[in-house]
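In my numbering, the protein residues as written are 286 to 672.
All C-beta atoms in this analysis are idealised placements derived from N, C-alpha and C, irrespective of residue type, glycine included.
As the structure is a prediction and not an experimental result, all values here were calculated from the model.
Take a look at the structure set out below.
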Ligand code: CAA
């Protein structure tokens, strides 16, 4: 499928199509030759993030007045799918930065805070991370314990955060902390923390199954002083900020999953057209054809649902249910399609010379982070039953 046909299928505007082509060109030229290396070396050079920043990909959702592109969620997921199609590890840094953190500042910060932080985020001078989970609170995010005690001119942080995507390369973190432990999720606040604040240390780089180029770590705070200016939104309103941001974030992960699934399907198609067994190309066997047909249907359905959720967000409507539905379907699709693509490759799919092995490993996390598939079902069911 050409890019144009692909775009027409999605009914993209001319501007959105241009965004897609820019992202595809960057992904193909700059990331594709290195994607395997990111995985092997478990790192991505900062210069490549700088190149993405030059294209505006660190400021997609940031208004132009603060140095961003001022585009909407649709444009954002278009970029995310194209990047993830080549490197899911690169994409996760971008999606967290754009849809979890930048929009938190746009939505909840005052003008002074926006002026202080958004231009740095928009230009990729600062890479941003979102820090909600802890060793003891993953799915039950509201039970977090990392504590911020009030002081006359700010906050004193004690505790730890876990599985923080981009932690080792991030300069700016939004951190969800308990400011009123007796009040559960109504006692959580959101603080901005910058790299190098006293008493803040990073854990070891986690050794992961997939998205290995992405730098995931714990963060520890041993009495870190955070100025009063760094409170995002209202005190004890942090959980709502965390949840609101996850609506957008989940669409970014859905787009990541669609990108991985698309890549796996493309590899399966090209392998099936060249590999011969029993005197025929694999593509001539109906068993292969049916697998490919199912892949194509699933990928398209996941893409359309992701686009719908993004368009809802872009039009300012509530997208909680649509985002969870898109993430659930897209992440399951990525796993199923990567599984089938690997199966079509047979023994070759199990070795690292063929990229399906990486797609298979990368797909797995999409059913876990930004809410497991079980949490997406819980969110969807609650929304349906709410009526
Ligand atoms: N938007 C706005 N507000 C929301 C909301 C949303 N989507 N969802 C919930 N809220 C509000 C509720 O209205 C409620 O407020 P009121 O009491 O005033 O009505 C408040 O938040 C509490 O909501 P719940 O009662 O639903 O809270 P809960 O404790 O039952 O659980 C949950 C909610 C959906 C299970 C939530 O804990 C959750 O999403 N868990 C998964 C955590 C998660 O996704 N973590 C991702 C980590 S980040 C990450 O992975 C990034 C990365 O590395 C890539």
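Item: Can you name the start and end residues of the alpha helix (DSSP H) that residue 338 belongs to?; Value: 331–339
Item: What runs of the beta strand (DSSP E), each 3 residues or longer, lie entirely inside the segment 453–509?; Value: 457–463, 473–479, 485–487
Item: Hey, is residue 478 close to the ligand CAA, as in C-beta under 8 Å from one of its heavy atoms?; Value: no
Item: Is residue 441 helix, strand or coil by DSSP?; Value: strand
Item: Does the beta carbon of residue 575 fall short of 8 Å from some heavy atom of the ligand CAA?; Value: no
Item: Please name the residue or residues paired with residue 561 in a DSSP beta bridge.; Value: 566
Item: Just the Cα atoms here: how many angstroms apart are residue 519 and residue 636?; Value: 51 Å
Item: Apart from the five residues on each side of it in sequence, which residues of its chain come closer than 7 Å, Cβ to Cβ, to residue 315?; Value: 333, 336
Item: If you compare alpha carbons, which of 531, 340, 581, 568 is closest to residue 544?; Value: 581
Item: Contact check, residue 432 vs residue 423 under 8 Å by CB: the rounded distance?; Value: Contact flag wrong, Cβ pair sits at about 18 Å.
Item: Does the Cβ of residue 494 have 16 or more other Cβ atoms within 10 Å, making it buried, or fewer, making it exposed?; Value: exposed
Item: Drop a sphere of 10 angstroms on the beta-carbon of residue 298, count the other beta-carbons inside from all chains shown, and report buried for 16 or more, exposed for fewer.; Value: exposed
Item: Would you say residue 470 touches the ligand CAA, meaning its beta carbon is less than 8 Å from a heavy atom?; Value: yes
Item: In three-state terms, what does DSSP make of residue 640?; Value: coil
Item: With a threshold of 8 Å, are at least 3 pairs of Cβ atoms found where one atom belongs to the segment 408–423 and the other to the segment 436–452?; Value: yes
Item: To which residues of the same chain is residue 483 closer than 7 Å at the C-beta, ignoring the five residues directly before and after it?; Value: 509, 510
Item: Taking one C-beta from the segment 548–567 and one from the segment 631–645 each time, how about it: are there three or more such pairs within less than 8 Å?; Value: yes
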